[in-house]
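Mapping to this note's numbering: the sequence shown position 300 is 301, numbers consecutive.
From the three backbone atoms N, C-alpha and C, an ideal C-beta is built for every residue, glycine too.
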Amino acid sequence: MSDYTMTIGGQAVAAPGTFGVVDPATGEVAERAPDASRAQLDAAMEAARAAYAQWRGDESARRKALLAAADVLFARSEEIGRILTLEQGKPLSEATMEVVGAGVWLKYFAELELPSEVIQDDERARVEVVRRPMGVVAAITPWNYPLLLATWKLGPALLAGNTVVLKPSPFTPLSSLRLGEALRDVLPPGVLNVVSGGDELGAWMTSHDVPRKISFTGSVATGKLVAAAAAPDLKRVTLELGGNDPAILLDDVDPAAVADRLFNGAFQNNGQVCSAIKRVYVPDALYGDVVDALAERARAAKVGNGLDEGVQYGPINNRPQYERVGELVAEALAGGARAAAGGGPMEGPGYFFRPTILADVPDGARIVDEEQFGPALPVIAYRDLDEALARANATNFGLSGSVWSADADRASEVAARLDCGTAWVNTHLALAPHQPFGGFKWSGIGVENGPWGLYGFTEMQVVHRAKN
Ligand code: NAD
């Protein structure tokens with residue numbers, strides 16, 4: 002049995018079976034989650050379809066409900082934060098902040114204008130371009146920021162008048178299940194349905210005939226499967242996928258002045274952020290100082306159980322990811338890289354990994370070319386800025402990147418040459434609800450957040466009224 006229930010048509014629903022949810026700080030199963038059957042997914046889709054007709058018709062009720070949902074998250078942030086720490090590993094303060102952030106996102110969308118534009122109004126016709134909801138949205142989320150990323154979808158989808166079936170990652174289903182429970186009294190039945198299960202549940206959703214839109218956040222490999230599954234029915238898709246974000250330091254940078262921000266940009270959430278800094282390019286002359294400054298911070302970082310006071314970084318979320326990060330680091334070291342800090346897993350149970358700074362990483366190392374998504378950062382020397390830019394852009398990823406300099410104008414010119422969805426200057430990971438977020442190339446299709454994110458949950462309709 003599980004203490005957590007799915008939400009289908011406003012009701013608490015247990016599944017025929019359950020699956021274990023591991024606490025990454027111990028490596029042991031800490032809870033069980035419902036494993037939805039196919040019939041239960043059908044029921045969730047039908048509930049969402051049934052709720053759509055009324056929900057789409059009352060914009061002011063939608064806004065009120067979203068504001069009330071945000072208030073629930075603010076009020077229950079610590080309780081839900083504890084669940085998030087248990088299943089995800091992040092420190093309780095950050096987990097609580099994630100829940101608050103999820104509320105902030107819902108509030109932003111509750112108050113966002115639904116755009117419409119009169120493009121002609123003369124003696125012949127009045128022509129207006131408006132946005133209409135699509136119907137049922139299938140929302141599929143990953144394990145790094147389960148709640149925040151869920152609300153990036155729920156806020157705009159619900160505001161636009163759609164109804165939703167949400168499926169969290171099997172590694173972190175509990176906080177989303179609790180979200181569904183918490184909102185049962187706030188949203189009309191069927192408007193938000195939350196189901197949990199394994200990866201195959203996601204595949205059932207993307208090939209299901211009810212949803213008109215799939216909003217997916219996860220890996221590139223799964224994103225391609227989602228796009229292929231959506232194609233036969235021409236379902237609309239938004240794909241928020243992986244990144245291999247470069248940070249390029251220019252030659253006038255003061256390593257001591259930027260080290261904290263660089264380190265945080267790479268190690269926030271233990272490096273498990275799609276748009277975290279995943280490789281740093283440093284001019285030859287500054288290389289030693291930058292490596293030392295980052296290594297010093299890595300050594301000082303307090304890693305431990307997210308429920309313990311003062312812990313800054315928790316474990317890696319799950320065993321496959323823990324093994325993958327370990328492999329990429331071990332391979333780089335075997336290929337000639339040097340661990341300026343860390344370099345491997347920590348002793349004891351749980352998926353703890355020492356914050357790792359890798360210097361002298363040879364070209365072609367997988368930790369440079371692939372997305373490591375964990376607490377290990379390669380620092381790479383460069384001689385010529387054009388060459389650094391070419392290396393930064395020589396990837397199928399294109400989520401974000403940053404350029405660092407004492408001269409922000411100069412850095413902005415360099416940032417404009419990065420092929421990616423967000424180009425930061427002297428910062429990294431600065432995200433906000435009004436700021437569209439998405440990737441070039443394999444990092445995604447479409448964007449989330451801001452009015453542009455809202456458009457992704459609408460169809461454009463032209464209302465052309467003849468006047469004679
Ligand atoms: P993943 O692709 O393994 O899983 C993501 C979700 O997809 C999970 O809910 C999973 O159950 C589901 N899924 C798996 N197979 C499926 C299928 N065939 N059809 C439909 N759904 C399926 O990703 P992950 O390991 O959970 O997350 C890490 C990845 O997510 C990283 O690559 C990271 O960069 C990326 N990410 C991107 C963003 C962004 O906004 N761009 C944000 C966070 C994470």
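Count the other C-beta atoms from every protein chain shown that fall within 10 angstroms of the C-beta of residue i, then say buried if there are 16 or more, exposed otherwise.
i	result
ILE215	buried
GLN55	exposed
THR428	exposed
PRO143	buried
ASP364	exposed
ILE120	exposed
ALA40	exposed
ARG298	buried
LEU235	exposed
GLY344	buried
ALA341	buried
PRO247	buried
SER61	exposed
Find the nearest neighbour of residue i within the set the options, judged by alpha-carbon distance.
i	options	result
GLU118	THR97, ASN469 and GLN462	GLN462
ALA335	VAL101, ARG367, SER403 and PHE354	ARG367
GLY90	ARG125, VAL415, ASN245 and PHE353	PHE353
GLU80	LEU308, LEU386 and ARG339	LEU308
ALA407	GLY454, PRO134 and VAL259	VAL259
SER444	ALA409, VAL464, GLU372 and HIS465	GLU372
ALA333	LEU359, GLU324 and PHE217	LEU359
ARG77	ARG57, PRO92 and GLY102	GLY102
LEU159	ASP24, ARG64 and VAL22	ARG64
MET46	VAL166, ARG179 and GLY337	VAL166
LYS442	ASN397, ALA389 and GLU60	ASN397
TYR282	PHE20, VAL362, ASP59 and LEU430	VAL362
GLY21	LEU42, SER170, PHE110 and THR164	SER170
Report the rounded CA-to-CA distance for residue i versus residue j, giving the unit in angstroms.
i	j	result
VAL131	ALA52	22 Å
ASP370	GLY399	13 Å
GLY203	ARG237	16 Å
LEU193	GLY402	34 Å
ALA412	CYS421	15 Å
VAL254	ARG280	17 Å
VAL380	ILE317	21 Å
VAL73	TYR288	48 Å
LEU455	ASP290	44 Å
THR487	MET98	Any question about residue 487 goes unanswered here, given that the chain covers just 2 to 469.
ALA140	GLY272	24 Å
GLY11	LYS225	32 Å
How far does the alpha helix (DSSP H) with residue i in it extend, from its first residue to its last?
i	result
ARG39	39-56
TRP106	93-111
ALA126	Counting along the chain, ALA126 falls outside any alpha helix (DSSP H), though it belongs to the beta strand (DSSP E) covering 126-134.
GLY451	451-456
PRO256	256-268
GLN12	Looking at the DSSP string, GLN12 is not in any alpha helix (DSSP H); the run it does join, the beta strand (DSSP E), is 12-14.
ARG466	Note, ARG466: premise wrong, no alpha helix (DSSP H); beta strand (DSSP E) at 459-467.
How would you write the range of the beta strand (DSSP E) that residue i sits in, first residue to last?
i	result
THR357	357-360
ASP24	18-24
THR8	7-9
GLY402	401-405
SER444	Note, SER444: premise wrong, no beta strand (DSSP E); not H, not E.
Tell me whether residue i, by its Cβ, gets closer than 8 Å to a heavy atom of the ligand MG.
i	result
SER94	You won't find the ligand MG in this model; what it holds is the ligand NAD.
What beta strand (DSSP E) runs, 3 residues minimum, are completely inside the region 146-223?
164-168, 193-195 and 214-218
Report the residue ranges of all beta strand (DSSP E) runs contained in full by the region 331-376; include only those spanning at least 3 residues, in chain order.
339-342 and 357-360
Would you list, in sequence order, the uninterrupted beta strand (DSSP E) runs of no fewer than 3 residues that lie entirely inside the region 270-317?
278-284
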